[in-house]
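Protein chains in written order, with the numbering used here: chain H, 6 to 306; chain F, 6 to 306; chain V, 6 to 306; chain A, 6 to 306. One structure is given here, and the rest of the page talks about it.
There are 4 protein chains.
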Amino acid sequence: MPLSPEQEAEIADQRGQSQQTLRAVAPGMEDHLYTAYPVLDHGFVRVIDYMGDDAAICQAARVSYGKGTKSVSNDEGLIRYLMRHWHSTPFEMCEIKLHVKLPVFVARQWIRHRTANVNEYSARYSILDREFYIPAPEHVAAQSTVNNQGRGAPLEGAEAARVLEILKADSARAYDNYEAMISDEGQQGLARELARMNLPANIYTQWYWKVDLHNLFHFLRLRADAHAQYEIRVYADEICKLVADWVPFAYRAFEDYRMGGATLSATALDCIRRMVKGEEVTQESSGMSKGEWREFMGVMG
Amino acid sequence: MPLSPEQEAEIADQRGQSQQTLRAVAPGMEDHLYTAYPVLDHGFVRVIDYMGDDAAICQAARVSYGKGTKSVSNDEGLIRYLMRHWHSTPFEMCEIKLHVKLPVFVARQWIRHRTANVNEYSARYSILDREFYIPAPEHVAAQSTVNNQGRGAPLEGAEAARVLEILKADSARAYDNYEAMISDEGQQGLARELARMNLPANIYTQWYWKVDLHNLFHFLRLRADAHAQYEIRVYADEICKLVADWVPFAYRAFEDYRMGGATLSATALDCIRRMVKGEEVTQESSGMSKGEWREFMGVMG
Amino acid sequence: MPLSPEQEAEIADQRGQSQQTLRAVAPGMEDHLYTAYPVLDHGFVRVIDYMGDDAAICQAARVSYGKGTKSVSNDEGLIRYLMRHWHSTPFEMCEIKLHVKLPVFVARQWIRHRTANVNEYSARYSILDREFYIPAPEHVAAQSTVNNQGRGAPLEGAEAARVLEILKADSARAYDNYEAMISDEGQQGLARELARMNLPANIYTQWYWKVDLHNLFHFLRLRADAHAQYEIRVYADEICKLVADWVPFAYRAFEDYRMGGATLSATALDCIRRMVKGEEVTQESSGMSKGEWREFMGVMG
Amino acid sequence: MPLSPEQEAEIADQRGQSQQTLRAVAPGMEDHLYTAYPVLDHGFVRVIDYMGDDAAICQAARVSYGKGTKSVSNDEGLIRYLMRHWHSTPFEMCEIKLHVKLPVFVARQWIRHRTANVNEYSARYSILDREFYIPAPEHVAAQSTVNNQGRGAPLEGAEAARVLEILKADSARAYDNYEAMISDEGQQGLARELARMNLPANIYTQWYWKVDLHNLFHFLRLRADAHAQYEIRVYADEICKLVADWVPFAYRAFEDYRMGGATLSATALDCIRRMVKGEEVTQESSGMSKGEWREFMGVMG
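Below, the structure is given as structure tokens:
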């Protein structure tokens with residue numbers, strides 16, 4: 006993650022300017038503000054701003070005049086109740102703003118989460134930097150043979166090396182040509198909005214992304230999941246750590262009820278009831294398809 | 006606006022607890038935090054939290070590493086440019102959370118603005134207070150004769166007095182009966198979720214309402230407009246004052262380009278071009294219907 | 006559900022006018038179009054329009070050029086897969102438009118589902134009808150003693166009779182006074198936008214409500230649930246029947262994975278694994294609170 | 006726009022299967038259904054489904070039991086009134102579903118319109134086709150010298166030729182290498198979700214895109230605007246033609262009040278009033294910045 010000295014100075018400057026506020030302050034988050042946490046080879050996540058804390062969730066749920074806190078244990082119980090019963094609106098009362106640097110193909114997945122605010126670096130207006138995601142060798146993996154939209158084991162050495170060679174060479178050539186086309190030395194220079202089309206999807210972009218806690222949890226449940234593509238999962242994992250420090254009660258409830266939990270079908274619940282009674286249930290007697298049964302076995306450990 | 010001594014103490018308590026933060030701080034908004042500003046006879050608006058300031062709008066528009074401020078005049082120019090060209094996403098980077106107490110019929114209009122987060126006081130769970138909106142005599146107005154969905158001049162004394170008498174008597178009786186039905190003295194007591202249906206639309210409710218600045222401006226443009234119903238307009242007017250102190254550049258641009266501006270049709274623009282050339286344009290020669298022409302004349306002063 | 010003869014004639018007229026279309030047609034839904042299905046004492050639900058069918062879900066999931074149907078069994082399998090894995094966007098490709106007549110206090114709950122399009126009958130512009138929801142005696146229930154936001158057993162005869170008497174009398178008086186205030190006989194007549202505030206929350210309103218299938222399923226899961234208030238649940242139940250005829254595969258998957266299913270926490274899954282192994286698990290050894298355990302026991306039957 | 010014979014057959018098949026429906030039918034749209042209208046060198050737009058027509062807008066605005074049509078002229082007047090007064094909800098009652106094939110860099114702009122439903126062809130799951138957008142020579146333009154985010158005049162012959170050569174060669178090489186990496190001949194084959202990152206932003210993708218008429222108009226106002234990038238504008242232009250045939254009254258109102266209209270600031274309105282009175286107003290005396298004045302002069306013709 007190459008931050009320029011100017012960028013590092015700007016971040017240090019922001020971290021140096023403490024002010025007074027009457028708003029709710031989350032000490033765990035103040036520690037993270039502005040700092041760029043590296044993700045992948047050139048990416049990062051950094052918190053630009055946040056609104057609210059665990060108490061703010063309770064305050065809104067109670068529509069209270071003051072802090073809404075009766076007691077700390079009381080607050081955690083309420084938050085667990087809200088999470089368990091899908092009362093999502095109190096979680097919407099917290100908000101976070103992130104600055105993220107990420108490859109374009111990751112950005113394309115990410116943006117599908119519509120309930121968020123986004124300002125992306127404009128390649129119509131500005132020139133993109135020469136920064137491309139090149140996977141670490143252990144993440145250069147084969148197409149999965151069991152999951153049509155996933156990856157399997159890492160490629161063997163020679164094949165992995167060929168892949169990395171291609172990715173590096175094509176990125177470099179594409180960028181050289183991008184620069185050549187927009188250059189106004191001895192020529193007019195192609196419009197940036199056109200030249201960008203030559204750049205591959207592993208080039209880095211960046212954006213400001215603002216989202217409420219409920220929708221962030223939804224994002225994290227899907228993107229920190231084991232089935233998410235590795236390259237977006239590492240961003241979700243990094244954000245999980247930040248959220249755990251920001252709203253510890255809410256994050257713990259999220260871990261228990263969402264990340265670590267599972268939604269079971271009526272058929273699956275019926276199987277469980279039979280199994281608890283001592284009945285031996287097989288895929289054939291379960292009423293599930295093979296795929297469902299395999300996933301169910303995964304949940305049952 | 007009858008706040009109980011406990012509520013006033015809670016608010017004073019919140020205003021007394023200043024903390025350090027590294028986040029952007031809007032001094033104009035710190036002054037308003039938590040204070041309940043009266044609206045109508047029992048309502049209020051108070052700011053619970055906010056995120057961002059004028060500089061945060063520019064910072065997001067520039068996807069910058071630091072504060073995003075080049076210079077103050079530069080920032081105002083950028084904000085005006087963004088507003089003029091409908092670049093709405095940078096304004097979405099600011100967020101505000103309000104606690105509002107308002108009559109139910111106002112809440113029903115307000116909630117139609119969908120892009121916001123809401124936690125309303127639950128009349129399934131809790132007992133509503135005996136507080137009803139009774140208009141001041143000067144706002145007891147006749148049905149408009151020119152606008153089917155508006156009001157005209159204030160009613161004359163005797164008729165206004167009858168109306169006020171009815172509103173007060175019916176509110177009081179409805180609430181007496183509400184209390185009688187839910188009481189568990191000498192009877193079981195009707196479920197709150199049922200009893201509430203006896204209460205009229207002028208009873209007060211309250212909610213936490215959180216919205217980004219772009220969507221707040223949209224709300225204000227429609228609800229602070231002269232055609233909005235008076236009882237929601239006074240809330241919008243109060244919020245306008247708060248926003249003016251929070252993000253002064255953005256608010257000034259909003260006033261110039263939205264509140265004080267007008268959207269003119271192709272037909273209207275054509276008329277203006279002819280008028281500037283000295284042509285006398287009438288409704289007949291304008292190509293507009295009578296209604297459009299009347300509105301156009303209103304814009305032309 | 007008192008439809009006027011004119012309204013019945015308009016509905017019959019719409020049902021009599023069949024036309025040719027090249028669009029996807031859901032035969033099960035064509036049978037329901039326009040017909041008003043009664044709900045509560047004066048309410049109804051009727052389908053005004055729909056877009057798509059089961060095949061359209063698959064077509065979008067496959068981004069296909071033609072119908073997207075490989076085979077019927079194939080389609081149902083795909084739909085179950087999409088539902089199981091929370092792939093919600095293909096379900097968003099179906100849309101339904103309903104005309105609903107419902108009490109205001111039900112409308113206030115309903116409108117909290119924001120991802121939908123709504124046009125409500127305007128009481129600023131028009132005069133509301135004299136129609137109020139008065140519960141059937143068996144639904145006049147006491148406040149629940151175990152659930153703070155629910156109802157318990159029906160009230161006993163005398164108390165129920167008192168409640169019904171109050172609801173009827175207060176509704177009638179409120180409406181009489183509403184009419185008296187807006188009347189322009191011998192007086193100016195109060196503006197409708199003001200007079201409406203005298204009407205209680207059991208008066209009926211109506212709206213056009215349009216929503217995509219994914220968001221409709223979310224609404225139905227929450228509102229057809231046993232914990233939803235009876236007066237909104239009956240609307241959800243009626244809509245469930247319509248959806249079952251519209252998109253039978255999707256509805257069946259929804260019943261299995263959502264309505265009949267359950268989301269279990271990591272803690273609950275751990276308990277299940279222990280129980281299947283033959284361990285006796287109690288609330289004390291479960292790691293759950295009493296409330297969670299009671300709900301868990303409910304799921305385990 | 007190279008449709009395969011199979012795709013053409015599927016489209017012809019869909020256009021050949023007419024069925025009876027009781028729903029609102031828009032004859033102008035039936036003529037367009039399924040047909041792929043070419044855009045750019047390999048792209049297209051085709052209508053997959055639609056809901057509603059001009060009458061449906063009025064029907065919803067009136068919350069009516071029947072068709073909602075009083076008379077045709079009455080309907081057009083109502084639609085113009087709704088458009089003029091920003092009553093957007095009745096327009097949300099119409100919905101359209103499109104199948105669009107478009108370059109990735111266009112898709113990235115398009116997706117920023119969040120209030121829509123999207124299913125995109127998955128390059129994690131499937132292999133992308135070898136189809137790249139290569140601009141026609143007259144659209145290979147220089148960076149604008151007056152607008153930092155736009156393009157100016159076409160490049161001269163030799164420079165344009167160089168650009169086209171680069172775009173073609175880099176696209177071809179990138180795709181060759183994409184194929185080489187995913188191939189499982191004599192090697193394992195790289196996962197598709199990784200290989201796609203080598204592909205440039207001018208490769209074509211495709212999606213199903215569903216949106217309501219209000220949000221479609223918002224999209225068209227921004228993207229059919231002269232300042233939009235040419236490559237997305239041609240899609241918007243093509244959709245405009247379809248909408249004009251679908252809801253002719255609404256489209257006409259949109260053209261007059263939105264596309265052909267302009268939003269003027271309070272300052273600009275003040276200048277116009279002075280100009281109509283015969284005063285000579287200059288940039289200096291206008292109160293506008295140079296940029297604003299230039300835009301204002303553009304509006305004034």
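Every residue, glycine too, gets a C-beta built ideally from N, C-alpha and C. Every value quoted in this text rests on a predicted model; they were computed, and no experiment measured them.
ask   = Going along the stretch 14 to 26 of chain V in order, which residues come within less than 9 Å of chain A, judged by CB to CB distance?
value = Under the 9 Å Cβ criterion, the stretch 14 to 26 of chain V contributes A14, E15, I16, D18, Q19, R20, G21, Q22, S23, Q24, Q25, T26.
query = List, in order along the chain, the chain F residues whose C-beta lies closer than 8 Å to that of A147 (chain V)?
reply = Translated into positions along the third sequence, residue 147 (chain V) becomes position 142. Per Cβ cutoff of 8 Å: Q193, G194, L195, A196.
query = Listing by chain order, which chain A residues have their CB less than 7 Å from the CB of E97 (chain H)?
reply = Working through the first sequence from its first residue, we reach residue 97 (chain H) at position 92. Within 7 Å Cβ-Cβ: nothing; E97 (chain H) doesn't reach chain A, min ~16 Å.
query = Mind checking if A256 (chain F) is an interface residue toward chain A, Cβ cutoff 9 Å exclusive?
reply = Locating residue 256 (chain F) in the second sequence gives position 251, where the first residue counts as 1. This sequence places Tyr at residue 256 (chain F); Ala is not what is there. Judged by the 9 Å Cβ criterion, Y256 (chain F) is not in contact with chain A.
message = According to DSSP, is Q278 (chain A) part of a helix, a strand, or is it coil?
response = Within the fourth sequence, residue 278 (chain A) is the residue found at index 273, counting from 1. Note that residue 278 (chain A) corresponds to Arg in the displayed sequence, not to Gln. Of the three classes helix, strand and coil, the one that applies to R278 (chain A) here is helix, per DSSP.
task = Starting from the N-terminal side, write out each stretch of the alpha helix (DSSP H) that is 4 residues or longer and does not extend beyond the stretch 88 to 131 of chain F.
result = Within the stretch 88 to 131 of chain F, the complete alpha helix (DSSP H) segments at least 4 residues long are 109 to 115, listed from N- to C-terminus.
request  = Would you mind stating whether M34 (chain F) and D58 (chain F) have Cβ atoms separated by less than 9 Å?
outcome  = As a first step, residue 34 (chain F) must be located in the second sequence, where it is residue number 29. As a first step, residue 58 (chain F) must be located in the second sequence, where it is residue number 53. In this structure, D58 (chain F) lies closer than 9 Å to M34 (chain F) by Cβ.
ask   = Are the stretch 279 to 297 of chain H and the stretch 267 to 283 of chain V touching by the rule of at least three beta carbon pairs closer than 8 Å?
value = At 8 Å Cβ cutoff, the stretches touch.
query = Count the other CB atoms within 10 Å of the CB of K295 (chain H); is the residue buried (16 or more) or exposed (fewer)?
reply = For the purposes of this step, residue 295 (chain H) is taken as residue 290 along the first sequence, with counting starting at 1. A residue is called buried once 16 or more other Cβ atoms fall within 10 Å of its Cβ, and K295 (chain H), having fewer, is exposed.
inquiry  = Under 8 Å: do the stretch 161 to 177 of chain H and the stretch 245 to 255 of chain H share three or more Cβ pairs, one atom per stretch?
reply    = No, the stretch 161 to 177 of chain H does not touch the stretch 245 to 255 of chain H.
task = List the residues of chain F whose Cβ lies closer than 8 Å to the Cβ of V281 (chain A), in chain order.
result = Here residue 281 (chain A) is taken as the residue at index 276 of the fourth sequence, counted from 1. Simply I277, M280, V281, M305.
V151 (chain F) burial status per 10 Å Cβ neighbour count (16 or more: buried) = Translated into positions along the second sequence, residue 151 (chain F) becomes position 146. Label assigned to V151 (chain F): exposed.
task = Leaving aside the five residues before and after E143 (chain A) along the sequence, list all residues of the same chain whose C-beta is less than 6 Å from its C-beta, in chain order.
result = If you number the fourth sequence from 1, residue 143 (chain A) lands on position 138. Around E143 (chain A): P159.
inquiry  = Which residue wins for smallest C-alpha separation from H118 (chain F), given the options F:F224, F:T268, F:S291?
reply    = Within the second sequence, the letter at position 113 stands for residue 118 (chain F). Comparing alpha-carbon positions, the option among F:F224, F:T268, F:S291 lying closest to H118 (chain F) turns out to be F:F224.
inquiry  = Taking a contact to mean a Cβ-Cβ separation below 9 Å, would you say N153 (chain V) touches M202 (chain F) in this structure?
reply    = Reading the third sequence from its first residue, position 148 is the one you call residue 153 (chain V). Reading the second sequence from its first residue, position 197 is the one you call residue 202 (chain F). One thing to note: N153 (chain V) has its Cβ no nearer than 9 Å to the Cβ of M202 (chain F).
ask   = Going along chain A, which residues have a C-beta under 9 Å from E35 (chain F)?
value = Within the second sequence, numbered from 1, the residue matching residue 35 (chain F) stands at position 30. Neighbours of E35 (chain F) on chain A: none; closest Cβ ~30 Å, over 9 Å.
ask   = So, using beta-carbon positions, are Q12 (chain H) and Y126 (chain H) closer together than 9 Å?
value = For the purposes of this step, residue 12 (chain H) is taken as the residue at position 7 of the first sequence. For the purposes of this step, residue 126 (chain H) is taken as the residue at position 121 of the first sequence. Y126 (chain H) sits away from Q12 (chain H), with the two beta carbons spaced by 9 Å or more.
request  = Using a Cβ-Cβ cut-off of 9 Å, state whether T94 (chain V) counts as contacting chain A.
outcome  = Translated into the one-based positions of the third sequence, residue 94 (chain V) becomes position 89. True, the Cβ-Cβ gap to chain A drops below 9 Å.
ask   = According to the neighbour-count rule (16 or more other Cβ atoms, all chains shown, within 10 Å of its Cβ), is I132 (chain H) buried or exposed?
value = Along the first sequence, one-based indexing puts residue 132 (chain H) at 127. Per the 10 Å Cβ criterion, exposed.
task = Could you round the C-beta distance between G194 (chain A) and A141 (chain H) to whole angstroms and report it? I think they count as a contact, below 8 Å.
result = Within the fourth sequence, residue 194 (chain A) is the residue found at index 189, counting from 1. Within the first sequence, residue 141 (chain H) is the residue found at index 136, counting from 1. Taking the Cβ atoms as the reference, G194 (chain A) lies roughly 19 Å from A141 (chain H), outside the contact range of under 8 Å.
Minimum length 3: unbroken beta strand (DSSP E) runs contained in the stretch 224 to 259 of chain F = You should have found no qualifying run.
task = Please work out which residues of its chain come closer than 6 Å, Cβ to Cβ, to K54 (chain A), disregarding the five sequence neighbours upstream and downstream, and give them in chain order.
result = In the fourth sequence, the residue the question calls residue 54 (chain A) occupies position 49. The question names Lys, but residue 54 (chain A) in the sequence shown is Asp. Within the same chain, D54 (chain A) has close Cβ partners K102.
task = Give the interface partners of M30 (chain F) over in chain V, defined as CB-CB distance under 9 Å, in chain order.
result = By one-based count along the second sequence, residue 30 (chain F) stands at place 25. Reading off the sequence shown, one finds Val at residue 30 (chain F), where the question assumed Met. None at all; the shortest Cβ gap to chain V is about 31 Å.
ask   = Comparing alpha-carbon positions, which option in H:A200, H:D175, H:Q22, H:Y235 lies nearest G71 (chain F)?
value = Translated into the one-based positions of the second sequence, residue 71 (chain F) becomes position 66. Across the set H:A200, H:D175, H:Q22, H:Y235, the C-alpha of H:Q22 shows the shortest separation from the C-alpha of G71 (chain F).
request  = Anything in chain H within Cβ reach of V168 (chain A), meaning under 7 Å, just list it in chain order.
outcome  = By 1-based counting over the fourth sequence, the position of residue 168 (chain A) is 163. M186, L195, listed in chain order.
request  = Reducing DSSP to helix, strand and coil, say where Q19 (chain H) ends up.
outcome  = Stepping through the first sequence from its first residue, residue 19 (chain H) is reached at position 14. The three-state reading of DSSP puts Q19 (chain H) in helix, counting H, G and I together.
inquiry  = Quick check on this structure: which residue in F:Y130, F:S149, F:E161 has the alpha carbon closest to the alpha carbon of L199 (chain F)?
reply    = Translated into positions along the second sequence, residue 199 (chain F) becomes position 194. It is F:Y130.
ask   = At a Cβ threshold of 9 Å, is Y55 (chain V) touching chain H?
value = By one-based count along the third sequence, residue 55 (chain V) stands at place 50. No, no contact with chain H.
key: Top-ranked residue by Cα proximity to F254 (chain V), from V:H37, V:N182, V:R85   = Within the third sequence, the letter at position 249 stands for residue 254 (chain V). Nearest of V:H37, V:N182, V:R85 to F254 (chain V), Cα basis: V:R85.
Cβ pair S270 (chain F), G265 (chain A) closer than 9 Å = Sequence index remark: in the second sequence, residue 270 (chain F) carries index 265 (1-based). Sequence index remark: in the fourth sequence, residue 265 (chain A) carries index 260 (1-based). Going by beta carbons, S270 (chain F) and G265 (chain A) fall inside the 9 Å limit.
query = Interface residues of chain F around E100 (chain H) at Cβ under 7 Å?
reply = Counting from one through the first sequence, the residue named residue 100 (chain H) turns up at place 95. Contact note: E100 (chain H) reaches chain F through M56, E100, using a C-beta cutoff of 7 Å and chain order.
query = Going along the stretch 214 to 237 of chain F in order, which residues come within less than 7 Å of chain H, judged by CB to CB distance?
reply = Of all residues in the stretch 214 to 237 of chain F, those with a C-beta nearer than 7 Å to a C-beta of chain H are K215, D217, reading in chain order.
request  = In the DSSP assignment, find the beta strand (DSSP E) that holds K215 (chain V) and state where it starts and stops.
outcome  = Numbered from its first residue, the third sequence carries residue 215 (chain V) at position 210. Note, K215 (chain V): beta strand (DSSP E), 209 to 217.
query = When you compare each of F:K106, F:D181, F:E260 to H47 (chain F) by their alpha carbons, which one comes out closest?
reply = Residue 47 (chain F) sits at position 42 when you count from the first residue of the second sequence. Residue F:K106 holds the alpha-carbon nearest to the alpha-carbon of H47 (chain F) among F:K106, F:D181, F:E260.
ask   = For A267 (chain A), which of helix, strand or coil comes out of DSSP?
value = For the purposes of this step, residue 267 (chain A) is taken as residue 262 along the fourth sequence, with counting starting at 1. The three-state secondary structure of A267 (chain A), taken from DSSP, is strand.
request  = Give the residues of chain A in contact with E284 (chain F), contact being defined as C-beta atoms less than 7 Å apart.
outcome  = As a first step, residue 284 (chain F) is located in the second sequence; it is residue number 279 there, counting from the start. Correct list: empty, because the minimum Cβ distance to chain A is about 10 Å.
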